[in-house]
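Chemist:
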Amino acid sequence: ASAASTLGAAAAESGRYFGAATNSFMLNRQPHATVLNREFNSIVAENEMKWYHTEPNQNQFNFTAGDQLIAHARARGMTVRGHTLVWHAQQPQWAQNMSGTALRNAMINHINRVAGHWRGQIHSWDVVNEAFADGGSGGRRDSNLQRTGNDWIEVAFRTARAADPNAKLCYNDYNTDGINAKSTGIYNMVRDFKARGVPIDCVGLQSHLGTSLDPTYQQNIQRFADLGVDVQITELDIQQGGNQANMYGQVTRACLAVARCTGITVWGVLDPDSWRTGAN
Ligand code: G2I
């Protein structure tokens, strides 16, 4: 909570948003709720806007938890990040079993229905999450979505733009926090999208960090900004150890140093909420 106070003050003072991941069932759980409402002006669903949750059976939608999160945010003047329209992981079983044209059409329908349901209420959508491979290739990750054709990402972005024209549309990934083969692959995709008029507004750097910050972190934010997209720190959390507090400061300062770095979200409010194990 004290880390949140310090980061939140710095972000708010500069007009940036400061967000936290939460879930609808935690909105009234203490001390989570008090800290969430006091320190943050943006929220994101940790899990409840993912495909498995919003469309558990094909063409049967469940917006209850997401609606609750949005109502909570709107009542408090908070903005909402949407996470995430399409991802290779946490797909409902029926989608995991699909391929080809059927999967492509299901993806388009999913985006239309989900982004359409929350049209006008989402500040930024993670339209596509984690589509690039780890390691040195700089290429796409293999998945059922990737196997529908390399154009699946741009189709997702065009569909999202039509479904919710006012949401900022982001590509979001991890291990992309410094300049490396993976972040450069994404950089090349964004540059290509901008050149061809594929609608993209932002890049999310998840920033699930270890015990040191890549020395090119700020430079990496800057190079994406220079392409004409916003950058958002979307899932920040940092491994425990001597350098943790210092690293939260380094990340915040790097974002504040780049005009187009428009906000920071931390992945959870309090340590016990975190997906990260006690070991880290
Ligand atoms: O893995 C950390 C994050 C990496 N970037 C994308 C994020 O969406 C992702 O979040 C995590 C959630 O924090 C976890 O809470 O995504 C995980 C799934 O890949 C979430 O974990 C899952 C558990 O694996 C499931 O067993 C559980 O049913 O959460 C589900 C809902 O509680």
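Counting with the working numbering, you get residues -17 to 262 for the letters of the sequence shown. Every residue, glycine too, gets a C-beta built ideally from N, C-alpha and C.
1) Which stretch, first to last residue, makes up the alpha helix (DSSP H) that contains residue 21?
2) Name the one or two DSSP bridge partners that residue 245 has.
3) Ignoring anything shorter than 4 residues or poking outside the stretch 72 to 150, list the alpha helix (DSSP H) runs there in chain order.
4) Using a Cβ cut-off of 8 Å (strictly closer), state whether residue 178 contacts chain C.
5) When burial is assigned at 16 or more other CB atoms within 10 Å of the CB, is residue 63 buried or exposed?
6) With a Cβ-Cβ cutoff of 8 Å, do residue 213 and residue 243 count as a contact?
7) Would the stretch 220 to 227 and the stretch 4 to 21 be scored as touching if the rule is three or more Cβ pairs under 8 Å?
8) Once you ignore the five residues that flank residue 55 on each side, which residues in its own chain have a CB closer than 6 Å to its CB?
9) Comparing alpha-carbon positions, which option in 46, 52, 231, 237 lies nearest residue 268?
10) From residue 51 to residue -11, what does the alpha carbon distance come to, in whole angstroms?
11) Is the stretch 130 to 149 touching the stretch 101 to 115, taking contact as three or more C-beta pairs under 8 Å?
12) If I follow the unbroken beta strand (DSSP E) through residue 67, where does it start and stop?
13) May I have the straight-line CA-CA distance separating residue 250 from residue 3, to the nearest angstrom?
14) Within 8 Å, do at least three Cβ pairs link the stretch 30 to 38 to the stretch 183 to 190?
15) Skipping 5 residues on each side, what residues in its chain have a beta carbon closer than 7 Å to that of residue 167?
16) Excluding five sequence neighbours on each side, which residues of the same chain lie with their C-beta closer than 6 Å to the C-beta of residue 153?
17) Verify the contact flag: residue 65, CB atom, against every heavy atom of ligand 1, threshold strictly below 7 Å.
18) Taking the beta strand (DSSP E) that residue 187 belongs to, which residues open and close that run?
19) In whole angstroms, give me the CA-to-CA distance for residue 194 and residue 208.
20) For a test of the three-state rule: what should DSSP assign to residue 25, helix, strand or coil?
21) So what does DSSP say about residue 51, is it helix, strand or coil?
22) So if DSSP puts residue 191 in a beta bridge, which residue, or which two residues, is it bridged to?
23) Hey, how far is the Cα of residue 53 from the Cα of residue 118?
24) If you follow the alpha helix (DSSP H) that residue 238 is in, where does it begin and where does it stop?
25) Measure the beta-carbon distance from residue 130 to residue 86 and round it to whole angstroms, keeping in mind my assumption that it falls under 8 Å.
26) On a CA-only basis, which of 175, -8, 259 is nearest residue 23? Give me that one, please.
27) By Cβ distance below 7 Å, which residues in the same chain neighbour residue 220 in space, the five residues on each side in sequence not counted?
28) What does a CB cutoff of less than 6 Å around residue 39 pick up in its chain, not counting 5 residues either side in sequence?
29) Following the continuous alpha helix (DSSP H) through residue 8, name the residue where it begins and the one where it ends.
Modeler: In terms of the structure at hand:
1) Segment 14 to 21, the alpha helix (DSSP H) holding residue 21.
2) Partner residues in the beta bridge of residue 245, as assigned by DSSP, are -1, 214.
3) You should have 75 to 78, 82 to 99, 134 to 145.
4) You won't find chain C in this structure, because it holds only one protein chain.
5) Within a 10 Å sphere around the beta-carbon of residue 63 sit 16 or more other beta-carbons, which makes this residue buried.
6) It is a contact, given that the beta carbons lie within the stated cut-off.
7) Flag = no, the stretch 220 to 227 and the stretch 4 to 21 do not touch.
8) 25, 62.
9) The structure shown does not extend to residue 268, since the chain is modelled only from -17 to 262, so the question has no answer here.
10) The alpha-carbon atoms of residue 51 and residue -11 are separated by roughly 23 Å.
11) Yes, the stretch 130 to 149 touches the stretch 101 to 115.
12) Unbroken beta strand (DSSP E) run through residue 67: 61 to 69.
13) Within the model, the alpha-carbon separation for residue 250 versus residue 3 is close to 5 Å.
14) The stretch 183 to 190 vs the stretch 30 to 38: no contact.
15) Cβ neighbours of residue 167 within its own chain (closer than 7 Å, five residues either side excluded): 114, 120, 121.
16) Residues of the same chain with a CB within less than 6 Å of the CB of residue 153, apart from the 5 flanking positions on each side, are 110, 185 in chain order.
17) At least one heavy atom of ligand 1 is nearer than 7 Å to the Cβ of residue 65, so yes.
18) Bounds of the beta strand (DSSP E) holding residue 187 are 184 to 187.
19) Answer to the nearest angstrom: the Cα atoms are 25 Å apart.
20) When secondary structure is reduced to three states using DSSP, residue 25 falls in the strand class.
21) In this structure, residue 51 counts as helix in the three-state DSSP scheme.
22) DSSP output for residue 191 lists 220 as bridge partner(s).
23) Roughly 43 Å separates the two Cα atoms.
24) Counting along the chain, the alpha helix (DSSP H) containing residue 238 begins and ends at 226 to 238.
25) About 4 Å separates the beta carbon of residue 130 from that of residue 86, a gap short enough to meet the 8 Å contact definition.
26) The option with the nearest alpha carbon to residue 23 is -8.
27) Closer than 7 Å at the Cβ level, and outside the excluded window around residue 220, lie 191, 226, 229, 230.
28) Cβ neighbours of residue 39 beyond the five flanking positions: none.
29) Careful: residue 8 lies outside any alpha helix (DSSP H) and carries neither H nor E.
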